[in-house]
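The sequence shown begins at 3 in the working numbering and counts up by one.
Built from N, CA and C at the ideal position, the CB exists for glycine as well.
Written out below as structure tokens is the structure these notes cover.
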Amino acid sequence: MFPKIKDFTIGTNLYNALKVVLAAVIPAFLFSYLGNLEIGLTIAIGALFTFPSDTPSNLKHKINGLLVTVFILAGVNLLINATYPYPILFYPVFAILVFTLSMLAVYGQRATMVAFSALMILSISLAHTHKGIEMLQHSGLLLCGGLFYLLISIIFYYINPHRYTELQIVECIKLTSKYLKLRGDLWELNSDRKEITRKQLILQVELNNIHENIREVLVRNRTDYGSSHQNRKMLLAFMSLVEIMELAVSTSFDHNKLHQKFDAHPKVLMTYQSLAYNLAKNLKSLSKKIKKRKQYIQKNNLIENLFSFEFAISDYEKTLGEAEASEGVHMLSNMLHYAEKQVEKIKTLERAYTTTVKLKDLNGRDKDLDKLTISHYYPLNTLVENFSFSSLEFRHSLRITTTLLIGLIIGKVLPFENVYWILLTIVVIMRPGYGLTKERTLNRFIGTLIGGVIGFAVLALDPSSTILAALTILFLILGLTFNPSNYKIGTTFITLHVIFIFAILNPSDSNIVLYRVLDTFVGAILAILANHFLWPYWESLNTNENIKNSIEANRNYLKQISILYNDKEGINTKYRLARNQAFIEIGNLMASFQRMLQEPKSKQDKLQQVYKFTVVNNALLSSAASLGTYTQSHKTTKASKSFNFIFNKIIKNLDSAISILKDENNQIENDTIIDENLNNNLIELKKIREQELAQGSDVNSEAFKHKMREAQLVIEQLIWLTNLSENILKTTKVLLKTEKNPENNSLKTFFGSNNPEA
């Protein structure tokens, strides 16, 4: 229990909660002491509603983002108060404001949170409207509250500028450890490999998001403020984690074949599985020590594990003899080579937190990192391009505008005590996707109900104002802390906070709990109905686009690998960008599948296609990355005509699939035409390998072993890439046929006999 409490206290959620609570409580207490609590509460509201837009970033972007938010909040409040007395003017202004603010989401996460803060202040402005000079004073106080929060945020930034990035790296290490653990699970003889693959894909989505978060903060801090020891340490750790993940994704083994081949010699695979588990254990241990800021001591000696695996390979070779064990030794050597590379990268990661990191330790690997970050450029044409029903943000903006108007009208027509609570509920739980809105609706209602019951029980005890004030602050801290990680618990504490605030301000109003629950219920019902019936954006509408983007990203990555293998000039920025985009698009495709799972069954008409393409495209990325990783870390032989012919055929298959998804091909063939020249070139490459394997006289030379490893890996990956590209092309054709003939939409149609794991 105590370790969990400690983890809770050192996390960023509590840190952020304390930041905003200080910014809200200080003015409230100060002006209460001066005899004008209302001014203090208004300033506190300005601070509270500025907080959501304080997304992790470097100091420059933090200040700019918060300043923009502060002035938008004050401006929105002023507009609402100025137009409210004139309904013919108020309702159009209200609708235009909501729609415009919601459309800001096209500019990314920071803009989305600025819009969220503005919609919150728009809703709460209806709690008590002002006229004349009071209107200006109220907006000015909100402005002061936002600026005060900005000051507190800057102070907290300087107190601990690297804590967010450090904890993100900790989370990244922990998730990477889980991924490596799943790779170890694959070595169980009767393991559920489909389920393990599904879990790995989900982890890849999470890791992609964390990589982007770290890259955004860490790289931009380095770009703006130069390189410090702390920055270098975290950069080295981050780059090592990305490389560990890419190496893991790029190295796959045929577990069925390996189990069949080594069934009579289980020791060698058990030794390797133990090594695989220890890779994960060391990362998990490192993440715990960094989080607690304790000295790291290596949990397992990975070098000894490598030696144990080498001895196991030697024993296997001695048992069978060199000639008979030759192919098995090559397979095991590839596994050993992967493990050696992974150990090397984990050692680099460990070294980042146990020794002083110098600039030369980065070895120039950081020079192109800034080119991988998302540009903070907000062109007007991005907004204009999204004024279409094909845009998720456009549909959501129309939906939330309509829903808030309906909520406002219902609150006016029916005798609701606090109309703005209905609007706040809609703003807080309504999301562009149906699944997330449904989940947040349920959690908010349950949290509000639990908070209402507890609040009623506490108020029944008639506590003093001092106790209520203390509980109000405590529950605000807990609510803001839990909200990002557990919305249900967070809502419970926020509800208690709101109830006790009103109990302090209006001690005679005993119906506050009932009003809160009723308003929340109405807002939640409106949000869930709107997401289902008002211009819904089901994931199936964007399936083809997500699949196309994934295939395009893989194709571009393969082109860069072909250039690398032919030119032998090392990786460049174009290669890194193509590789990074391929990983991002696979993550986007898997995220789309996960969102679709949350939608109604009747709307999951493309569920199986998305999962099929996710698995096959991930396998293609894994194979491509394997070839790319090997090429950049080894001296390879000259690319043959057969190599280039097959590679071009693979890319041509992907180009054809992209054209079909773009609807550029009107004629859809019933079957994939097998290119006879492709077969001939594959046979030629296989014969070369067979001839070299037959040359027993040089079997012990290092040059021969290196050549055999290259031949085995390159040929196997080319065959695998060819099969996967044909699988993608064939499945794309079936997908398009199914769209034109919906009655054929079935699990068997999409999966057929081409199992992506075959």
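query: Going by beta carbon distance, what residues of the same chain come within less than 6 Å of N679, once the five residues before and after it are set aside?
result: Low confidence applies to N679: its pLDDT is 49, below 50, so where it sits in the model is not reliable, and the reading given next is rough at best. Nothing listed; no residue qualifies.
message: Could you tell me the alpha carbon to alpha carbon distance between V331 and T724, rounded to whole angstroms?
response: Distance between the alpha carbons of V331 and T724 is about 26 Å.
query: In this structure, does DSSP put K180 in helix, strand or coil?
result: Correct three-state label for K180: helix.
query: Just to confirm, are Q111 and T57 a CB contact at a threshold of 8 Å?
result: Taking the C-beta atoms as reference points, T57 is found nearer than 8 Å to Q111.
Proximity winner among I586, K180 and L20, relative to I198 (alpha-carbon distances): Minimum Cα distance to I198 is reached at K180.
query: CA-CA distance, V716 and L622?
result: If you take the alpha carbons of V716 and L622, they lie about 14 Å apart.
- prompt: Where do the N-terminal and C-terminal ends of the alpha helix (DSSP H) with F31 fall, by residue?
  reply: Going by DSSP, F31 is part of the alpha helix (DSSP H) stretching over T14 to Y35.
query: M432 by DSSP, collapsed to three states: which one?
result: Residue state for M432 is assigned as coil, using DSSP reduced to three classes.
message: If you follow the alpha helix (DSSP H) that E306 is in, where does it begin and where does it stop?
response: It spans L304 to L322 - the alpha helix (DSSP H) in which E306 sits, taken as one unbroken run.
query: By a C-beta neighbour count over all protein chains shown, 10 Å radius and 16 as the cutoff for buried, is L91 buried or exposed?
result: Classified as exposed, L91 has fewer than 16 neighbouring CB atoms from the shown chains inside 10 Å of its CB.
- prompt: F240 to L220, Cα distance in whole Å?
  reply: Note on geometry: alpha-carbon atoms of F240 and L220 lie some 9 Å from one another.
message: Pop quiz: L351 and L308 are said to be a contact at Cβ under 8 Å. What is the actual Cβ separation, rounded to whole angstroms?
response: The Cβ separation is near 17 Å, so there is no contact.
- prompt: Do R401 and A532 come within 8 Å of each other at the CB atom, strictly closer than that value?
  reply: In this structure, A532 lies near R401, with their beta-carbon atoms less than 8 Å apart.
- prompt: Is the beta carbon of T44 less than 8 Å from the beta carbon of G148?
  reply: No. Outside cutoff.
- request: List in chain order: all unbroken alpha helix (DSSP H) runs of 4+ residues lying wholly within the segment 521 to 574.
  value: Listed in chain order, they are 545 to 569.
Whole-angstrom distance between N18 and S310, CA atom to CA atom: When rounded, the distance between both Cα atoms is 47 Å.
- prompt: Given H50, which residues of its chain have a CB within under 7 Å of its CB, disregarding the five upstream and five downstream residues?
  reply: It is Leu, not His, that sits at residue 50 in the sequence shown. Counting only Cβ-Cβ distances below 7 Å, and skipping sequence neighbours, we find V22 and A26.
task: Output the distance between the C-alpha atoms of Q719 and L103, rounded to the nearest integer angstrom.
output: So the alpha carbons of these two residues sit roughly 49 Å apart.
The segment 534 to 542 touching the segment 452 to 471, judged by at least three CB pairs closer than 8 Å: Below 8 Å, too few C-beta pairs join the segment 534 to 542 and the segment 452 to 471 to call them touching: fewer than three.
task: Say whether the segment 282 to 294 touches the segment 201 to 211, bearing in mind that this needs 3 or more beta-carbon pairs closer than 8 Å, one atom from each stretch.
output: Because the criterion of three Cβ pairs below 8 Å is not met, the segment 282 to 294 and the segment 201 to 211 do not touch.
query: Should V100 and L406 be called a contact, given that it needs their Cβ atoms to be closer than 8 Å?
result: Cβ distance < 8 Å, so V100 and L406 count as in contact.
task: Output the boundary residues of the alpha helix (DSSP H) element that contains V219.
output: Taken as a continuous stretch (DSSP letters only), V219 belongs to no alpha helix (DSSP H), as it is neither H nor E.
field: Backbone secondary structure at N646 - three-state DSSP
entry: Here N646 sits in helix by DSSP.
query: Which of helix, strand or coil does DSSP assign to A239?
result: When secondary structure is reduced to three states using DSSP, A239 falls in the helix class.
field: Spatial distance of T14 from R165 (CA atoms)
entry: Straight-line Cα distance between these residues: approximately 8 Å.
- request: Sort I530, Y159, L498 and L528 by Cα distance to L516 and report the nearest one.
  value: Of I530, Y159, L498 and L528, the residue nearest in Cα terms is L498.
field: Residues near L473 by beta carbon distance below 6 Å, same chain, minus five either side
entry: The answer, listed in chain order, is F502.
- request: Following the continuous alpha helix (DSSP H) through P94, name the residue where it begins and the one where it ends.
  value: Per DSSP, P94 belongs to the alpha helix (DSSP H) from P89 to M105.
- prompt: For F391, which of helix, strand or coil comes out of DSSP?
  reply: In the structure shown, F391 sits in coil (DSSP, three-state: anything other than H, G, I, E or B).
message: Suppose you measure from the CA of D318 to the CA of A341; what does that come to, to the nearest Å?
response: For the sequence presented, residue 318 should be read as Tyr rather than Asp. Roughly 18 Å between the two C-alpha positions.
Other residues of its chain near L20: CB distance less than 6 Å, five sequence neighbours each side excluded: So no residue of the chain qualifies.
field: Sufficient close CB pairs (3 or more, under 8 Å) joining the segment 170 to 188 to the segment 236 to 253
entry: A contact is defined here as three or more CB-CB pairs under 8 Å, and the segment 170 to 188 meets this definition with respect to the segment 236 to 253.
message: At the level of alpha carbons, what is the spacing between A627 and V251?
response: C-alpha separation (whole angstroms): 7 Å.
message: Helix, strand or coil, according to DSSP, for I506 in the structure here?
response: It is helical.
message: Rounded to whole angstroms, what is the Cα-Cα separation between L16 and S55?
response: Using only the alpha carbons, I get a separation of about 17 Å.
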